[in-house]
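So the sequence shown is numbered by the working numbering: it starts at 20 and just counts up by one. Positions of the beta carbon are idealized from the N, C-alpha and C atoms, including for glycine. No experiment lies behind these values; they were computed from the predicted model shown.
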Amino acid sequence: MKTRIKKTWKKENYYLEVLTDNWYKLIAEINDEINYQTAIFYRRKNIKQVNLPITTGSISSPMGLGSDSKPVEVNLFGVKTYLADSMQFMLEYAVRLFDQDGAYYIMPSFRGEANDKRHLAQFTHSEVEIVGTLDNIINLAEDYIKFLCEKILKKFNKQILETTGTLDHIKNMIKLCGKIPEITFEEAVKLLKNDKRFIEELEGYRNITPKGELELLKITKKEALWIKNYDYLAVPFYQAYSDDRKTALNADLILGIGETLGAGERHWKINELRESLSIHNVKEDEYNWYINMKKKYPLRTSGFGMGIERFLCWLLCHDDIRDMQIIYRENGKNILP
Numbered sequence: 020m021k022t023r024i025k026k027t028w029k030k031e032n033y034y035l036e037v038l039t040d041n042w043y044k045l046i047a048e049i050n051d052e053i054n055y056q057t058a059i060f061y062r063r064k065n066i067k068q069v070n071l072p073i074t075t076g077s078i079s080s081p082m083g084l085g086s087d088s089k090p091v092e093v094n095l096f097g098v099k100t101y102l103a104d105s106m107q108f109m110l111e112y113a114v115r116l117f118d119q120d121g122a123y124y125i126m127p128s129f130r131g132e133a134n135d136k137r138h139l140a141q142f143t144h145s146e147v148e149i150v151g152t153l154d155n156i157i158n159l160a161e162d163y164i165k166f167l168c169e170k171i172l173k174k175f176n177k178q179i180l181e182t183t184g185t186l187d188h189i190k191n192m193i194k195l196c197g198k199i200p201e202i203t204f205e206e207a208v209k210l211l212k213n214d215k216r217f218i219e220e221l222e223g224y225r226n227i228t229p230k231g232e233l234e235l236l237k238i239t240k241k242e243a244l245w246i247k248n249y250d251y252l253a254v255p256f257y258q259a260y261s262d263d264r265k266t267a268l269n270a271d272l273i274l275g276i277g278e279t280l281g282a283g284e285r286h287w288k289i290n291e292l293r294e295s296l297s298i299h300n301v302k303e304d305e306y307n308w309y310i311n312m313k314k315k316y317p318l319r320t321s322g323f324g325m326g327i328e329r330f331l332c333w334l335l336c337h338d339d340i341r342d343m344q345i346i347y348r349e350n351g352k353n354i355l356p
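Laid out in structure tokens, this is it:
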């Protein structure tokens, strides 16, 4: 594997270097291919693309217990609103609009957090929502990743090999998809021996640290790994309960620099949704529209979101997500262009 140290984003006139750097040219080309092939993949499955606004009054992940970032608040003509961290709520809405066919999009998401090697305040999100269970959405996610890997490998094998020195990880992933190993959160804790470097104790729940995610890949010796059924308070309020009501019907795909894709089944029983809002300390009146939608149009749905830049980190064997954007953005800075 070749070693690359970019850090182009640190420079004031970074964009001038981007325009002549084959690294960024390849990223731009692969992004174009991901958009094109994603449309083909979902069209074959009758899952429809939907255009959505980037502003919302109902933020999803960064709200109450189980959230891992802060919302990005903006003032539009005197009205407080937010830049969306995820379009999951809107996709749940669109599934009902499309007569249950499923809905997807690829567009920016915004998080109120500092950039680092694993995180971007503005990143590209590939999200989908379907009628079905957690198992259904996990199967769809593996099909999607396999499809992208096959198409990208076919078109860019020479460039990726020149960049990374290997194609083995992509070929291995193609073989693995459809049978990516799954472990529960409890099994992960045991594998990590409840080591404080890898498992953190938070307010009423536990979580796996970034070091813990990478350690699990080392232990299992797999290209990728699903971790399922996190402590219920570790996930946002909309994720459904497992049978034990102590854990969630969710799954994170660990790949490359860590969690790259997150999946989950949604509450569809109104009493359980209301209970979840309460235990996550989220005010119900802020989500009345969501409750009303599920009352009038009850559906059992599941979805996933994949960070495109994290996927690219794995694809190009790189360990710094900040090198994955051709136009860099960082909270608190006015960056041109």
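- Query: What's the C-alpha gap between residue 341 and residue 347?
  - Reply: 8 Å
- Do you know how far the Cα of residue 47 is from the Cα of residue 343? 9 Å
- Ignore the nearest five residues each way along the sequence and tell me which others in residue 238's own chain have a CB closer than 7 Å to its CB. 210
- In the structure shown, what three-state DSSP assignment does residue 122 receive? strand
- Under the three-state DSSP convention, the category residue 271 falls into: strand
- Buried/exposed call for residue 224, threshold 16 Cβ in 10 Å: buried
- Item | Touching by the beta-carbon criterion (3+ pairs, under 8 Å), the stretch 101-115 and the stretch 132-140 | no
- Message: Once the 5 residues before and after residue 351 are set aside, which same chain residues still bring their CB inside 6 Å of it?
- Response: none
- Exposed or buried, what is residue 130 when buried is set at 16 or more other beta-carbons lying within 10 Å of its beta-carbon? buried
- Whose C-beta lies closer than 7 Å to the C-beta of residue 232 among residues of the same chain, with five residues either side of it excluded? 273, 277, 278
- Query: Count the other CB atoms within 10 Å of the CB of residue 124; is the residue buried (16 or more) or exposed (fewer)?
  - Reply: buried
- Message: Going by DSSP in three states, residue 255 sits in which element: helix, strand or coil?
- Response: coil
- First through last residue of the beta strand (DSSP E) which encompasses residue 147: 141-150
- Query: residue 58: buried (16+ other C-beta within 10 angstroms of its C-beta) or exposed?
  - Reply: exposed
- Spatial distance of residue 101 from residue 317 (CA atoms): 27 Å
- Item | Per-residue DSSP class, three states only, for residue 129 | strand
- Closest by C-alpha distance to residue 24, when choosing among 182, 96, 244: 182
- Task: Determine the contact status of residue 188 and residue 242, defining contact as a CB-CB distance below 8 Å.
- Result: yes
- Task: Specify, as a first and last residue, the run of the beta strand (DSSP E) that residue 295 falls within.
- Result: Where residue 295 is concerned, there is no enclosing beta strand (DSSP E), although the alpha helix (DSSP H) it sits in stretches over 289-298.
- Task: Would you tell me roughly how many angstroms separate the C-alpha atoms of residue 121 and residue 38, rounded to the nearest one?
- Result: 38 Å
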